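Following our numbering, the numbering of the sequence shown begins with 1 at its first residue and continues without gaps. All residues carry an ideal CB built from backbone N, CA and C; glycine is no exception. Predicted, not measured: the structure shown is a model, and the values here were computed from it.
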Amino acid sequence: MCQIPHALQKQFIDIINDSVKAGTLEPSHGPHSNPYFLIEKKKKGMCCFVDAAQHCNVIVIHDVFIPLNCDEFAEEFAGMAIASLVDLFSRYDNSLLAEESRNMTAFNTPISSYQQTALVQGAMNSPAQAQCGIAAILNSGIIPS
Numbered sequence: 001m002c003q004i005p006h007a008l009q010k011q012f013i014d015i016i017n018d019s020v021k022a023g024t025l026e027p028s029h030g031p032h033s034n035p036y037f038l039i040e041k042k043k044k045g046m047c048c049f050v051d052a053a054q055h056c057n058v059i060v061i062h063d064v065f066i067p068l069n070c071d072e073f074a075e076e077f078a079g080m081a082i083a084s085l086v087d088l089f090s091r092y093d094n095s096l097l098a099e100e101s102r103n104m105t106a107f108n109t110p111i112s113s114y115q116q117t118a119l120v121q122g123a124m125n126s127p128a129q130a131q132c133g134i135a136a137i138l139n140s141g142i143i144p145s
């Protein structure tokens, strides 16, 4: 179990509970336990949970794909009429992990053990996987003029 500063314990537990409700975390009973940490967001007082995913990163073949910057990518569509339900900023949560791989993302908290159900921010190939998924979705809906 990783140490979260006492001042951030409530926020950390809220993040975990919200993630369970959203379906991006589920209870884990597997043998793995990854380190994790909180990163402060741009908005003062807000944090983001990151699972370091060391068990995944040890066995994965590294993809050197460099993902696009969401803001730059979105700017390419400036002035165009687009109707979409795609959220470029939550692409990790929208990409589900295979059930047989989820136990490698497990981590222990003060309340229980959990594992990820979607792409892990701390996993080596998650940015490439998320970008490829979004690109495939967007490319299928773009009609050349």
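Just confirm the distance between the C-beta atoms of residue i and residue j, as a whole number of angstroms; I'd bet it's less than 8 Å.
i    : j    : result
N103 : G30  : 3 Å
A118 : L138 : Incorrect: roughly 19 Å between the Cβ atoms, too far for contact.
Q116 : T105 : 4 Å
A52  : N69  : Incorrect: roughly 23 Å between the Cβ atoms, too far for contact.
Q11  : C47  : 6 Å
Q129 : S101 : Rounded, the Cβ-Cβ distance is 12 Å, inconsistent with contact.
In terms of residues, what are the limits of the alpha helix (DSSP H) holding residue i?
i   : result
I13 : 9-22
Ordered along the chain, which non-local residues of its own chain (more than five positions away) have a Cβ less than 8 Å from that of residue i?
i   : result
I16 : L25, F49, T109, I111, Y114
D93 : A22, T24, A118, L119
P79 : A small correction: the amino acid at residue 79 is Gly; Pro does not occupy that position in the sequence shown. Excluding residues within five positions, none has a Cβ falling inside 8 Å.
K41 : C47, C48
Span of the beta strand (DSSP E) holding residue i?
i   : result
V50 : 47-51
E40 : 36-40
P31 : Counting along the chain, P31 falls outside any beta strand (DSSP E), and DSSP gives it neither H nor E.
List the DSSP bridge partners of residue i.
i    : result
F107 : Y114
E75  : BP columns for E75 are empty, so no partner.
L138 : In DSSP, L138 forms no bridge with anything.
L96  : A118
What do you reckon, is the C-beta of residue i under 7 Å from a heavy atom of the ligand ATP?
i    : result
T117 : With respect to the ligand ATP, the structure offers nothing, as it holds no ligand at all.
Who are the Cβ neighbours of residue i in its own chain at under 7 Å, not counting the five residues just before and after it?
i   : result
S28 : N103, A106, S113, Y114, Q115
I39 : C47, C48, V50
Take residue i and list the residues in its own chain whose beta-carbon comes closer than 6 Å to its own, dropping the five residues that flank it on each side.
i   : result
S19 : L25
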